[in-house]
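Enquirer: Listed in order, the protein sequences are those of chains A and B.
Take the first sequence: its position 217, counted from the start at 1, is 217 in our numbering, and no numbers get skipped.
Take the second sequence: its position 318, counted from the start at 1, is 1318 in our numbering, and no numbers get skipped.
For each residue, glycine too, the CB sits at the ideal point set by N, CA and C.
The following block contains the structure, expressed as structure tokens.
2 protein chains.
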Amino acid sequence: TTFTASFVVQAQEHPNLILTKDGVEKIRDNLGKVPLFDATVSRVKQTVDKEIAAGIDTPIPKDFSGGYTHYRHKQNFIIAQKAGVLYQILEDDKYAIYVRDMLLQYEAMYKNLPLHPQERSYARGKLFWQSLNDSNWLVYMSQAYDTVYNFLTEEQREKLENNLFRPFADFISLENPAFYNRVHNHSTWGNAAVGMIGLVMDDEALIQRALYGIEDDGLPIGGIDNDGGTIKVEGQKKGFYANLDDPFSPDGYYTEGPYYQRYAMYPFLIFALAMENVRPDLKVLQHKDNVLLKGVNALLNLSDADGEFFPLNDGQKGMSYYTASLVTAVDIAYHYGDQNPQLLSIAEKQNEVLLDEAGLDVAIAIRDGKAKLFTKSSINLTDGIDGKQGGVAVLRYGNEDLTLVFKYAAQGLSHGHYDKLSYSLYEKGDEVIQDYGLSRFVNIGQKGGGNYLKENKTWAKTTIAHNTLAQDGEMHFGGNYKTASTEHSDLYFYDDTKDNVQVVSATEVNAYPGTKMHRTMALIKDDNFEKAFMLDIMKVKSDEEHEYDFPFYYMGQVINGNFKWESPTDLEPLGDKNGYQHLYLEGKGKPATNNTKFSWLGNGKFYTLTSVAEESDELLLTRIGANDPEFNLRRDAGFMVRREAEDTTFVSVVETHGSYSPVSEASLNSNSNIANLEIVEDNNDYTAVSITDVKGSKQLFIIANKDASVSAKHSLTIDNKKVSWVGPYYYK
Amino acid sequence: TTFTASFVVQAQEHPNLILTKDGVEKIRDNLGKVPLFDATVSRVKQTVDKEIAAGIDTPIPKDFSGGYTHYRHKQNFIIAQKAGVLYQILEDDKYAIYVRDMLLQYEAMYKNLPLHPQERSYARGKLFWQSLNDSNWLVYMSQAYDTVYNFLTEEQREKLENNLFRPFADFISLENPAFYNRVHNHSTWGNAAVGMIGLVMDDEALIQRALYGIEDDGLPIGGIDNDGGTIKVEGQKKGFYANLDDPFSPDGYYTEGPYYQRYAMYPFLIFALAMENVRPDLKVLQHKDNVLLKGVNALLNLSDADGEFFPLNDGQKGMSYYTASLVTAVDIAYHYGDQNPQLLSIAEKQNEVLLDEAGLDVAIAIRDGKAKLFTKSSINLTDGIDGKQGGVAVLRYGNEDLTLVFKYAAQGLSHGHYDKLSYSLYEKGDEVIQDYGLSRFVNIGQKGGGNYLKENKTWAKTTIAHNTLAQDGEMHFGGNYKTASTEHSDLYFYDDTKDNVQVVSATEVNAYPGTKMHRTMALIKDDNFEKAFMLDIMKVKSDEEHEYDFPFYYMGQVINGNFKWESPTDLEPLGDKNGYQHLYLEGKGKPATNNTKFSWLGNGKFYTLTSVAEESDELLLTRIGANDPEFNLRRDAGFMVRREAEDTTFVSVVETHGSYSPVSEASLNSNSNIANLEIVEDNNDYTAVSITDVKGSKQLFIIANKDASVSAKHSLTIDNKKVSWVGPYYYK
Ligand SMILES: [Ca+2]
Ligand SMILES: [Ca+2]
Ligand SMILES: [Ca+2]
Ligand SMILES: [Mg+2]
Ligand SMILES: [Mg+2]
Ligand SMILES: [Mg+2]
Ligand SMILES: [Mg+2]
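In structure tokens, the structure reads:
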């Protein structure tokens, strides 16, 4: 009979999406023998049991991400997925019953559910205010469904598939092509959701729609989503493959930046893994030379010593590799990659594994003492589909004692910032010079529904909010997203081969037409210096005179400066647009000598900026927070050099030195070690900088401005002494 | 011969100051058997060996506390004391030689040393800019001398005593009576220094001078030190006993506050211990019913969950029981007190013990598993020599889950703040509502030589800098130190007998003549609330109309308020004196309803202030930092209710609720649980407050304003319902 046939096929096939029959058997055999796995099971069990005891609630959708209905529906899919896994592992029917009842409750509700009442999204969902969150739901619920598939009657399955899953998949795709058919992290979730439920239901049409998108979406070119991103461009790519191809560079850098990579990593990996299990012939997990596994490595390397991701583009500070999607990423990368034992030490810190074969594998390896410390080195990651759209370089001295994050990438889609050639600097896990990150309180309803705040556009994305050059008070590319999206900076060279001097250099010619920026940044450790320092050479050439602003968003409290500044009694905004309207001017001065020095204390460490001064420089002390009546911005400080010039070169050193403890009250090495910083040569061919320390020793750094070839021979006479070298830079 | 006689007497007597011959034998017997003691020896040895290798340097004095000569001389006495101890314990002559050579170098220098060149101090030292630091030197060097006494030749001893120690003791006492003859932490150091070297040299005149001061100091009444403290008052007490009697209350509260208690604790205890060893007949350690040991307990209880001392009066934030003087305090309190096993858990956290019998005792007890967790409960500490000058109450809910620090004390000498009836609030180790602390970067030379900054007087000490009532923009006592010093607040009652409601109530009638403040503060835990909350009833009665300012220095970023506020584009100072000149006005509004609500997010927790509003209230959002060109102040926020009234009652609740994690991005319980806060009765006899939560349940709190007796019977009709109770307050 049909019933029997169907039963046999299904008995063979489920679970097969993330958990597999073999995997489940292996897990059951190992229960009680693998500490980290057992601990995770027990914690998950505790969580799920508590939810089961509290009862199922599927409220009528109403709220933004900060509100109860949002929270509840999100919690539901998270718990249902876990309950399904527990059902497989522990073979206790109560978990299957919980999932079944919840799904049936959703089925009863979904049939007649209108669009979500909140209207802010360009692609409203039904359970949530945006289709994105509806897609999250389906990615998790597909897994839950797979785990209880055989527990359900055929009648129940048909009901769910016909009234809930298929309409749900059609809604987020066919009815929301503006959401579904893009190259964007949103679409990745949509594609994965449709694909995963397609795999469970064995629905080839859905699987194809997941991989290749909707062929004819009928959308006009253009359109803007509520984050300001373009919905459809000429020759729009679409579907999961496009989302895998386009935003990932061959190095695994995700063009939106680590915060969104972390978010997108889950659907990428979980769908790729489902494809690996159900349709290994399509080799999705291995696509583009294993770019997904490379992406995990790139992402882990884009974190500070605390494991917190660098807040490039729209990134919420504090997000780290302790987040759930990174548990997925680390475990999958270990199991399906090359069993890198360094990944195990991160899994140990996460103190949690996936409840599947990959997680079991990781937990067994940890139990067997295979973990090695994850050590981060300097790394240069290309951006762009072919790795030809600039990139991000991370220079690290020592064991993350000093870390420079230098961004010379492409725009990074709609979450990108106008921050060409900007950087941030870290000492271990502490920010020394910060990248502001985003302006949003994710999921905090009281702050604009937990969504992006308008200050994200008016401040966080602006050029002056970043540690880079702003010209004439304008944003890079005039703040035009369309223009910005077609351009990128270019690497001049990257060299991390020497421990005591590591250099990255890049150029940007499009951000301000007619102006070329060439920025060279180095981490240098000299024996006469207690710690490594950062050298920054920003060479600007323009065809006309401009006002250049060159800010340093230092973290900490002012210790002193070597110049006098006037502090106004009343604070006024520094400008009226492009981010300047959010900066108060707290002080203004002129250089006192040929070097401008400015020191601060942050996190119990001393820092000093030494910058080569021009007599006409204006030195500005700023504070974020003007025109911010809702207090959406942090009241953080900044220091800025303002210079009128045509061609000019900003040369700066940021030293980290000494320490202060409020417990011992000992103030150690609280002064700069630099007596003089000087540009000893600066022309079209070479820029040479000499650093004299307080003991009188000199260091000389020269960059060849025209030829970055490693084999090019150069010689230059400095102070009547001929210096000869091979390659793009000289340092001694 | 004289030589033999002298040798015999001395062999009997040294070391006998802190280390004793018996103690040293016991220590030697236990070497290698007591992990924490051995670890401390090994760490100290490493430190001292490194200094010995670097060589002795006794530079010509020149710098303030941030500079090298200050650092070096301070390091010298610290290392010499340690080296002396190592000599006794390890019996290695190199340590004695190091101490001997250093002392002889000082002897050679001291003879002709002029006053220190820095002229800021009212009592300049010779090695340091103030006699205070010279006294520090002598307290440590006396110990060093005692430990190598028998190693030195008689000739060397005579040279040191005649040319260095006795002139040094005379200089800081006889030649600096303004420093030596006060009741002040400075004088305590001076007295101890003179007494300790007197004990080592067996010089009765010095011992008497230490205990009883200089009989006739010839100083006029009055005089002001460089911190603004009065040097001599009518009937001035003096000497170590006076310093022990006067500033300590019978409960062991030190009137200057915990930061200075921590500083003074070392000379108090180390001299008392020396007296216990050499002159036990005088019972200095047991003086005033063991007030020194009670002081250790009081001090430990005046810390947050991180062990950081509450910054009452001039207190530097971050100073904690991890500081060296607290190692001394904890070990001595354990050994000479009642062997409280809870002290051992703090010693474990300190991870260090004294290298004497007390430290050995502690380390042995820890080794033997005797340590118990130090748990802090609510505590009420009286202030004043007889415990009759107000006090400080600390209410704690749970395991320091919520801690209220309420100050109704005396002025606290020259480091006191004009902060009658002020409070701070902590959740575990995090500040919810802060006390600003001091304005000083101790030992950071670039910031005003590491000394008190002028903003300490113009901001940190002012009334408006504190969470209490400011009237007509004036400071308590008009900021007059002399007047303030003669007054104190009075306890109305204190009751910590119930876990779910703990109350402290106090009055202040002198701060603003003609105005009576009666503040009642409670920590309450109700079943309908996730966490405990703070209830604050400030009842103000005056004989004329005033402008009252009532600030809340919340820590965190604004989430929202239930009222509209205007934010000026330009920020202006709120006033021109009494601290107001340092506050920018960032926003101004009027109450929208009968309750003013204001929420913020700090340290991943949500907080909401609910305050009973009057229609005419002005609600001000402030920011510290105006008129602060050197950036000596932190840019922290404040919220303030401004009200014109004669008699009025400010009733407020601060709830702590929920949490936010940037890793999970989960925003939990982010809203206030209070639907209505209402004053349901307020007259001369009773003030009654009702709190209605969002579920509609009501709590009623009544305070009897005239009779705090625990046996008084009260009844009151509220909402046509008669409420009867016994004692000063009612809560249900
Ligand atoms: Ca960090
Ligand atoms: Ca030019
Ligand atoms: Ca703390
Ligand atoms: Mg940015
Ligand atoms: Mg290119
Ligand atoms: Mg204070
Ligand atoms: Mg009294």
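On the premise that D1057 (chain B) lies in contact with R1072 (chain B), defined as a C-beta separation below 8 Å, what is that separation, rounded to the nearest angstrom?
Expert: As a position in the second sequence, residue 1072 (chain B) is number 72, starting the count at 1. As a position in the second sequence, residue 1057 (chain B) is number 57, starting the count at 1. Confirmed, about 6 Å.
Enquirer: Could you spell out the range, first to last residue, of the beta strand (DSSP E) harbouring P35 (chain A)?
Expert: Within the first sequence, residue 35 (chain A) is the residue found at index 35, counting from 1. Where P35 (chain A) is concerned, there is no enclosing beta strand (DSSP E), although the alpha helix (DSSP H) it sits in stretches over 35-54.
Enquirer: Under 8 Å: do the region 1632-1645 of chain B and the region 1671-1687 of chain B share three or more Cβ pairs, one atom per stretch?
Expert: As far as the Cβ criterion goes, the region 1632-1645 of chain B does not touch the region 1671-1687 of chain B, which means the pair count is below three.
Enquirer: Within 8 Å (strictly less), CB to CB, does R120 (chain A) reach chain B?
Expert: Residue numbering aside, residue 120 (chain A) sits at position 120 when the first sequence is read from its first letter. No, R120 (chain A) does not count as interfacial toward chain B.
Enquirer: Is D430 (chain A) near N603 (chain A), with beta carbons less than 8 Å apart?
Expert: To locate residue 430 (chain A), count along the first sequence from 1; it is residue 430. To locate residue 603 (chain A), count along the first sequence from 1; it is residue 603. Yes, the Cβ-Cβ distance between D430 (chain A) and N603 (chain A) is below 8 Å.
Enquirer: Under 8 Å, Cβ to Cβ, is there at least one residue of chain B near K288 (chain A)?
Expert: On the first sequence, residue 288 (chain A) is found 288 positions in, with the first residue counted as 1. So no, K288 (chain A) is outside the interface.
Enquirer: Classify G1066 (chain B) as helix, strand or coil using the three-state DSSP reduction.
Expert: Here residue 1066 (chain B) corresponds to residue number 66 of the second sequence, with the count starting at 1. G1066 (chain B): coil per DSSP, three-state reduction.
Enquirer: Report buried or exposed for I702 (chain A), applying the criterion of at least 16 other Cβ atoms within 10 angstroms of its Cβ.
Expert: Taking the first sequence and counting its residues from 1, the one referred to as residue 702 (chain A) is at position 702. The residue is buried, with at least 16 neighbouring Cβ atoms inside 10 Å.
Enquirer: For ligand 4, any of its heavy atoms closer than 7 Å to the Cβ of G1658 (chain B)?
Expert: Taking the second sequence and counting its residues from 1, the one referred to as residue 1658 (chain B) is at position 658. No - ligand 4 has no heavy atom lying nearer than 7 Å to the Cβ of G1658 (chain B).
Enquirer: Distance, Cα to Cα, S303 (chain A) vs G239 (chain A)?
Expert: Along the first sequence, one-based indexing puts residue 303 (chain A) at 303. Along the first sequence, one-based indexing puts residue 239 (chain A) at 239. Their Cα atoms are separated by approximately 29 Å.
Enquirer: Indicate whether E1547 (chain B) and K1588 (chain B) have their beta-carbon atoms separated by less than 8 Å.
Expert: Along the second sequence, one-based indexing puts residue 1547 (chain B) at 547. Along the second sequence, one-based indexing puts residue 1588 (chain B) at 588. The answer is no: Cβ separation not under 8 Å.
Enquirer: Using a Cβ-Cβ cut-off of 6 Å (strictly less than) and excluding sequence neighbours within five positions of F1406 (chain B), which residues of its own chain qualify?
Expert: The residue you call residue 1406 (chain B) lines up with position 406 of the second sequence. So the list reads A1393, Y1423, V1504, M1521, once near-sequence residues are dropped.
Enquirer: Anyone know if the C-beta pair for I1537 (chain B) and T1328 (chain B) falls short of 8 Å?
Expert: Walking along the second sequence from the start, residue 1537 (chain B) turns up at place 537. Walking along the second sequence from the start, residue 1328 (chain B) turns up at place 328. Not in contact: I1537 (chain B) and T1328 (chain B) (Cβ atoms no closer than 8 Å).
Enquirer: Should Q557 (chain A) be flagged as near chain B, meaning a C-beta pair shorter than 8 Å?
Expert: In the first sequence, counting from the first residue as 1, residue 557 (chain A) sits at position 557. True, the Cβ-Cβ gap to chain B drops below 8 Å.
Enquirer: Assign A1637 (chain B) to one of three DSSP states: helix, strand, or coil.
Expert: For the purposes of this step, residue 1637 (chain B) is taken as residue 637 along the second sequence, with counting starting at 1. Three-state DSSP puts A1637 (chain B) in a strand.
Enquirer: Go through its chain and collect everything with a Cβ distance to V1034 (chain B)'s Cβ below 7 Å, but skip five positions before and after it.
Expert: Along the second sequence, read from residue 1 onward, the residue named residue 1034 (chain B) stands at position 34. Correct list, in chain order: L1360, A1363, I1364, R1367.
Enquirer: Do you know how far the Cα of I1027 (chain B) is from the Cα of Q1339 (chain B)?
Expert: Walking along the second sequence from the start, residue 1339 (chain B) turns up at place 339. Walking along the second sequence from the start, residue 1027 (chain B) turns up at place 27. Cα-Cα distance, rounded: 19 Å.
Enquirer: With hydrogens ignored, establish whether the beta-carbon of G1437 (chain B) is closer than 7 Å to any heavy atom of ligand 6.
Expert: Translated into positions along the second sequence, residue 1437 (chain B) becomes position 437. True, at least one ligand heavy atom lies under 7 Å from that Cβ.
Enquirer: Starting from N1380 (chain B), trace the beta strand (DSSP E) both ways and give me its first and last residue.
Expert: Position 380 of the second sequence, counted from the start, is the residue given in the question as residue 1380 (chain B). Run containing N1380 (chain B): 1379-1382, per the beta strand (DSSP E) assignment.
Enquirer: Using 7 Å as the cut-off, classify the Cβ of A460 (chain A) as near or not near the heavy atoms of ligand 4, replying yes or no.
Expert: Taking the first sequence and counting its residues from 1, one reaches residue 460 (chain A) at position 460. Yes; taking the cut-off as 7 Å, the Cβ of A460 (chain A) has a heavy atom of ligand 4 nearer than that.
Enquirer: Please list, in chain order, all residues of the same chain as A305 (chain A) whose beta carbon is under 6 Å from its beta carbon, the five residues on each side excluded.
Expert: Here residue 305 (chain A) refers to the residue found at position 305 when the first sequence is read from its first residue. Excluding sequence neighbours, A305 (chain A) sits near E400, K428, G429.
Enquirer: Output, in chain order, the set of chain B residues within a Cβ distance shorter than 9 Å of R634 (chain A).
Expert: By one-based count along the first sequence, residue 634 (chain A) stands at place 634. Residues of chain B passing the Cβ test: Q1557.
Enquirer: Check whether the Cβ of S1667 (chain B) lies closer than 8 Å to any Cβ atom in chain A.
Expert: Locating residue 1667 (chain B) in the second sequence gives position 667, where the first residue counts as 1. Yes, S1667 (chain B) lies at the interface with chain A (some Cβ there is under 8 Å from its Cβ).
Enquirer: Starting from F1552 (chain B), trace the beta strand (DSSP E) both ways and give me its first and last residue.
Expert: Residue mapping note: residue 1552 (chain B) aligns to position 552 of the second sequence, counting from 1. First-last of the beta strand (DSSP E) with F1552 (chain B): 1546-1552.
Enquirer: Which runs of the alpha helix (DSSP H) spanning at least 4 residues fall entirely within the region 238-310 of chain A, listed in chain order?
Expert: Complete alpha helix (DSSP H) runs here, min 4: 239-245, 258-278, 287-301.
Enquirer: On a CA-only basis, which of A:T656, A:H714, A:F639 is nearest K605 (chain A)? Give me that one, please.
Expert: For this step, residue 605 (chain A) is matched to residue 605 along the first sequence. That would be A:T656, whose Cα lies nearest to the Cα of K605 (chain A).
Enquirer: Under 8 Å: do the region 452-462 of chain A and the region 487-505 of chain A share three or more Cβ pairs, one atom per stretch?
Expert: With a cut-off of 8 Å, the region 487-505 of chain A and the region 452-462 of chain A do not count as touching, because too few Cβ pairs lie within range.
Enquirer: Could you check if N632 (chain A) belongs to the surroundings of ligand 4, using beta carbon to heavy atom distance under 7 Å?
Expert: Position 632 of the first sequence, counting from 1, holds the residue named residue 632 (chain A). N632 (chain A): no, Cβ never under 7 Å from ligand 4.
Enquirer: Helix, strand or coil for Y149 (chain A), going by three-state DSSP, please let me know.
Expert: One-based indexing of the first sequence puts residue 149 (chain A) at position 149. Three-state result, Y149 (chain A): helix.
Enquirer: Could you name the residues of chain B that P117 (chain A) contacts, counting a contact when the two beta carbons are closer than 8 Å?
Expert: Stepping through the first sequence from its first residue, residue 117 (chain A) is reached at position 117. Going along chain B, no residue has its Cβ under 8 Å from P117 (chain A), so there is no contact; the nearest lies around 20 Å.
Enquirer: Shortest alpha-carbon distance to K232 (chain A) belongs to which of A:I221, A:Y241, A:D628, A:S187?
Expert: For the purposes of this step, residue 232 (chain A) is identified with residue 232 of the first sequence, where counting begins at 1. Measuring from the Cα of K232 (chain A), the nearest candidate turns out to be A:I221.
Enquirer: State yes or no: is the beta carbon of R1623 (chain B) nearer than 8 Å to at least one beta carbon in chain A?
Expert: Along the second sequence, read from residue 1 onward, the residue named residue 1623 (chain B) stands at position 623. So yes, R1623 (chain B) belongs to the interface.
Enquirer: Since G318 (chain A) and V1663 (chain B) should fall inside the 8 Å C-beta cutoff, what is the C-beta to C-beta distance between them, to a whole number of angstroms?
Expert: Here residue 318 (chain A) refers to the residue found at position 318 of the first sequence. Here residue 1663 (chain B) refers to the residue found at position 663 of the second sequence. Yes, they are in contact, since the Cβ atoms of G318 (chain A) and V1663 (chain B) sit about 6 Å apart, within 8 Å.
Enquirer: What is the residue span of the alpha helix (DSSP H) that G1359 (chain B) lies within?
Expert: Residue numbering aside, residue 1359 (chain B) sits at position 359 when the second sequence is read from its first letter. Segment 1357-1367, the alpha helix (DSSP H) holding G1359 (chain B).
Enquirer: Is the CB of I1679 (chain B) under 8 Å away from at least one CB in chain A?
Expert: Here residue 1679 (chain B) corresponds to residue number 679 of the second sequence, with the count starting at 1. Not an interface residue.
Enquirer: In whole angstroms, what is the alpha-carbon distance linking L965 (chain B) and E1025 (chain B)?
Expert: No statement about residue 965 (chain B) is possible, as the shown extent of chain B runs from 1001 to 1732 and does not include it.
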